[in-house]
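Student: My questions all concern the structure below.
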Amino acid sequence: MSLKFSNTIDVLASKQVWQYEAVSDRVCPDVVTATYVALQKPDDFPPLQSAIVPGDRVTLAVDPNVPQIAEVIRGVVRAIASTDAGGLDVVVWDEATDETIESIKAEVSPTSRVVRHRSADRRSLGYLAADESADPIYLNRLLVDADFVLPIMAGRPAMVSRPRDLTGVYPWFADSSARARYRDSAPHATKANAKMAAETTWLLGVQIMMCVTPSIDGLASEVIAGTIDAIEKRLHVEASEEPDFPPPAPIVVASLDGDRQQQTWANAARAASAAMDRILPGGTIVLWTDITESPSDALIRRANQDDADEQADELADQHGANSDGSDSNGSDIDNDAKNESQDGDDEFPRWDDSIAISRLFADITAEYRLLIHAAIDDHVIESMGMGSVADGAGLCRLSKSFDGCGVLRAAQFA
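Residue numbers are given in full-length UniProt numbering: position 161 of the sequence shown equals residue 161, and the series is strictly consecutive.
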């Protein structure tokens, strides 16, 4: 069952309703064949069979949010079958659902290993190198031990102002300590992080990657393969290319179009972040999802901590700075790291993805009104500092109070 906001969009009752063209409306008619062909004719790279040496162990590094991932894997398996590879393994980001893992397993040989990455599991990690601060970087052992690594990523816009790792390798397949350093780095460290990611993929020996761009319904639109630079050129968006119309809106509805894998809190956070680029100051963001899984206890707890921190900040403003000269919010990251390290082993702290998600939601709710439609209890949603939109009728009433409404389909990919 997939969410298609096209089934709901007609209820919007603002005087003007427009859609932002963040993803394509084209749908790939045959994903398996398109995947196979892409690997036979990659951009700026020879055919796959020319790159794989007889006996090579191939590992696929997979973003589970790739549209129609099972069909993509089927096409990759078909392409690898035409080579003399010695075996195939698959490692998937830790946000993969059980359903996604099982769908991938169904497409590969019983001898292939299909694993969900575990950042804090020492046994599943292998040493790769040290970063510029001499801190060690460990990646999933299936990647480190592979002879040939093929990243498979969902295609998202690539912008010079927001450099990132297009391969999805770093930090997503790194150890929890490296991921925490990446997450907690200052905003001005974006370029340094991108450089670190590029060096990591180079050290890993990544030569080629696959990219699947999404359609507005969360299906595969285009399947491409090529060098990292070639893929970046395909996805690159110049700031000057951003159209003046549609304009920012006082209310933006951002939908998580796609299958069950798309209906996660991580994707809700991505959609909310994308909506921020298209909302007027002080506007309203509506996340239209089919999320059925309640947020983790840690995510709810952190959302409440953010409220408590805000109250503490107000008290600090009234009574002055603390005696050591730091403000009451100065230890947030330290507290997060301390809490995250609990229950982990001696070497790698327990990874807690709720930290990044809760921080983003806190930043958004500080500036905008954030509402969500999800298949969970309203009181759970409200406990996270959000409002709830129960159904299409509620969305109709809400939108009627705004002259203009922007719609961002498949917003998790925008």
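Ideal Cβ positions, reconstructed from N, Cα and C, are used throughout, including at glycine. The structure presented is a predicted model; accordingly, all values stated were derived computationally and were not measured.
Where does G387 fall in DSSP's three states?
Tutor: For the purposes of this step, residue 387 is taken as the residue at position 387 of the sequence shown. Residue state, collapsed to three classes: strand.
Student: What do you reckon, are the CB atoms on P151 and V206 nearer than 8 Å?
Tutor: Numbered from its first residue, the sequence shown carries residue 151 at position 151. Numbered from its first residue, the sequence shown carries residue 206 at position 206. Against a cut-off of 8 Å, the Cβ pair of V206 and P151 comes out as a contact.
Student: Output the residue ranges of the beta strand (DSSP E) runs that lie fully inside the stretch 28-80 and measure 3 residues or longer, sorted by chain position.
Tutor: Entirely contained in the stretch 28-80, the beta strand (DSSP E) runs reaching 3 residues are, in chain order, 57-62.
Student: Can you list, in chain order, the stretches of the alpha helix (DSSP H) that have 4 or more residues and sit fully within the stretch 163-200?
Tutor: Correct list: 176-184.
Student: Would you kindly check if the distance between the Cβ of A266 and the Cβ of Q68 is under 8 Å?
Tutor: Within the sequence shown, numbered from 1, the residue matching residue 68 stands at position 68. Within the sequence shown, numbered from 1, the residue matching residue 266 stands at position 266. It is not a contact, given that the beta carbons lie outside the stated cut-off.
Student: Only counting runs of 3 or more residues, tell me where the beta strand (DSSP E) segments fall wholly within the stretch 354-388, in order along the chain.
Tutor: Listed in chain order, the complete beta strand (DSSP E) runs (minimum 3 residues) inside the stretch 354-388 are 369-373.
Student: Are the beta-carbon atoms belonging to I300 and M386 less than 8 Å from one another?
Tutor: Within the sequence shown, residue 300 is the residue found at index 300, counting from 1. Within the sequence shown, residue 386 is the residue found at index 386, counting from 1. Cβ atoms of I300 and M386: not closer than 8 Å.
Student: Determine the DSSP secondary structure at R350, reduced to helix, strand or coil.
Tutor: Within the sequence shown, numbered from 1, the residue matching residue 350 stands at position 350. Three-state DSSP puts R350 in coil, outside helix and strand.
Student: Quick check on S401 - is its C-beta less than 8 Å from some C-beta in chain B?
Tutor: Going by chain labels, chain B is absent from the structure shown, which holds only one protein chain.
Student: Would you report the Cα separation of R278 and V407, rounded to the nearest angstrom?
Tutor: In the sequence shown, counting from the first residue as 1, residue 278 sits at position 278. In the sequence shown, counting from the first residue as 1, residue 407 sits at position 407. Taking the straight line joining both Cα atoms gives about 10 Å.
Student: Can you give me the C-alpha to C-alpha distance between I228 and T167, rounded to a whole angstrom?
Tutor: Translated into positions along the sequence shown, residue 228 becomes position 228. Translated into positions along the sequence shown, residue 167 becomes position 167. Using only the alpha carbons, I get a separation of about 7 Å.
Student: Between the stretch 44-55 and the stretch 66-84, can you find at least three pairs of beta-carbon atoms closer than 8 Å?
Tutor: In short, these stretches touch, since the Cβ pair count reaches three.
Student: Let me make sure I understand the geometry here. Which of S177, P214 and E132 has the alpha-carbon closest to that of A414?
Tutor: Walking along the sequence shown from the start, residue 414 turns up at place 414. For the residues S177, P214 and E132, the minimum Cα distance to A414 belongs to P214.
Student: Checking 8 Å against the spacing of the C-beta atoms, do I291 and A410 come in under that value?
Tutor: Within the sequence shown, numbered from 1, the residue matching residue 291 stands at position 291. Within the sequence shown, numbered from 1, the residue matching residue 410 stands at position 410. Contact: no.
Student: With distances taken between CB atoms, is the gap from D89 to L142 smaller than 8 Å?
Tutor: Position 89 of the sequence shown, counting from 1, holds the residue named residue 89. Position 142 of the sequence shown, counting from 1, holds the residue named residue 142. Yes; because the gap between Cβ atoms is below 8 Å, this pair is in contact.
Student: Is it the case that the Cβ atoms of F348 and S177 are separated by a distance below 8 Å?
Tutor: By 1-based counting over the sequence shown, the position of residue 348 is 348. By 1-based counting over the sequence shown, the position of residue 177 is 177. For F348 and S177, yes; Cβs fall inside 8 Å.
Student: Report the rounded CA-to-CA distance for A120 versus T59, giving the unit in angstroms.
Tutor: Here residue 120 refers to the residue found at position 120 of the sequence shown. Here residue 59 refers to the residue found at position 59 of the sequence shown. About 20 Å.
Student: Should T264 be labelled buried (16 or more other beta-carbon atoms within 10 Å of its own) or exposed?
Tutor: Here the question's residue 264 lines up with position 264 in the sequence shown. That one is buried.
Student: Please state whether DSSP places residue 460 in a helix, a strand or coil.
Tutor: Given a span of 1 to 414 for the chain in the structure shown, any question on residue 460 remains unanswerable.
Student: Could you have a look at T111 and say whether DSSP puts it in helix, strand or coil?
Tutor: To locate residue 111, count along the sequence shown from 1; it is residue 111. Note: T111 maps to coil in three-state DSSP.
Student: Taking the continuous alpha helix (DSSP H) assigned at S221, which residues delimit it?
Tutor: Counting from one through the sequence shown, the residue named residue 221 turns up at place 221. Unbroken run through S221 is the beta strand (DSSP E), A220 to G226; no alpha helix (DSSP H).
Student: Residues in its own chain within less than 6 Å of residue 416 by CB, not counting five upstream and five downstream?
Tutor: What the structure shows of the chain is the stretch from 1 to 414, and residue 416 is not part of that stretch, so it cannot be assessed.
Student: Run through the DSSP bridge pairs and tell me what S296 is partnered with.
Tutor: The count along the sequence shown starts at 1 and reaches residue 296 at position 296. Note: S296 sits in no beta bridge, so no partner.
Student: Suppose the cutoff is 7 Å on Cβ atoms and the five residues either side in sequence are ignored; what does the same chain contact list for P163 look like?
Tutor: In the sequence shown, the residue the question calls residue 163 occupies position 163. If we look at P163 and ignore the five residues flanking it on each side, its Cβ neighbours are T190, K191 and A194.
Student: Which word fits V53, buried or exposed, when buried means at least 16 other C-beta atoms lie within 10 angstroms of its C-beta?
Tutor: Position 53 of the sequence shown, counted from the start, is the residue given in the question as residue 53. Classification for V53: exposed.
Student: On the CB-based measure, 16 or more other CB atoms within 10 Å of its CB, does W288 come out buried or exposed?
Tutor: Working through the sequence shown from its first residue, we reach residue 288 at position 288. Result: buried.
Student: Buried or exposed: A258, going by 16 or more other Cβ atoms within 10 Å of its Cβ?
Tutor: To locate residue 258, count along the sequence shown from 1; it is residue 258. As written in the sequence, residue 258 is Gly, which differs from the Ala given in the question. Under this definition G258 is a buried residue.
Student: Going by DSSP, name the residue or residues bridged to P151.
Tutor: One-based indexing of the sequence shown puts residue 151 at position 151. In DSSP, P151 forms a bridge with A61.
Student: Under the three-state reduction of DSSP, which class applies to A22: helix, strand or coil?
Tutor: For the purposes of this step, residue 22 is identified with residue 22 of the sequence shown, where counting begins at 1. Correct three-state label for A22: coil.
Student: Hey, how far is the Cα of S388 from the Cα of E382?
Tutor: Here residue 388 is taken as the residue at index 388 of the sequence shown, counted from 1. Here residue 382 is taken as the residue at index 382 of the sequence shown, counted from 1. For S388 and E382, the distance between alpha carbons rounds to 7 Å.
Student: Please return the same chain residues whose Cβ sits closer than 8 Å to the Cβ of R179, not counting the five positions on each side in sequence.
Tutor: Reading the sequence shown from its first residue, position 179 is the one you call residue 179. Once the five neighbours on either side are set aside, the close Cβ partners of R179 are S119, P171, W172 and W351.
Student: At the level of alpha carbons, what is the spacing between S354 and A298?
Tutor: Residue mapping note: residue 354 aligns to position 354 of the sequence shown, counting from 1. Residue mapping note: residue 298 aligns to position 298 of the sequence shown, counting from 1. Cα-Cα distance, rounded: 6 Å.
Student: What distance in whole Å lies between the Cβ atoms of V212 and I251, which are believed to be in contact at a cut-off of 8 Å?
Tutor: Residue numbering aside, residue 251 sits at position 251 when the sequence shown is read from its first letter. Residue numbering aside, residue 212 sits at position 212 when the sequence shown is read from its first letter. Not really, about 30 Å apart at Cβ, beyond 8 Å.
Student: Could you please give me the residues that DSSP links to V286 through a beta bridge?
Tutor: On the sequence shown, position 286 is the one that residue 286 refers to. Paired residues: V253 and L371.
Student: CA-CA distance, E71 and A268?
Tutor: Sequence index remark: in the sequence shown, residue 71 carries index 71 (1-based). Sequence index remark: in the sequence shown, residue 268 carries index 268 (1-based). So the alpha carbons of these two residues sit roughly 24 Å apart.
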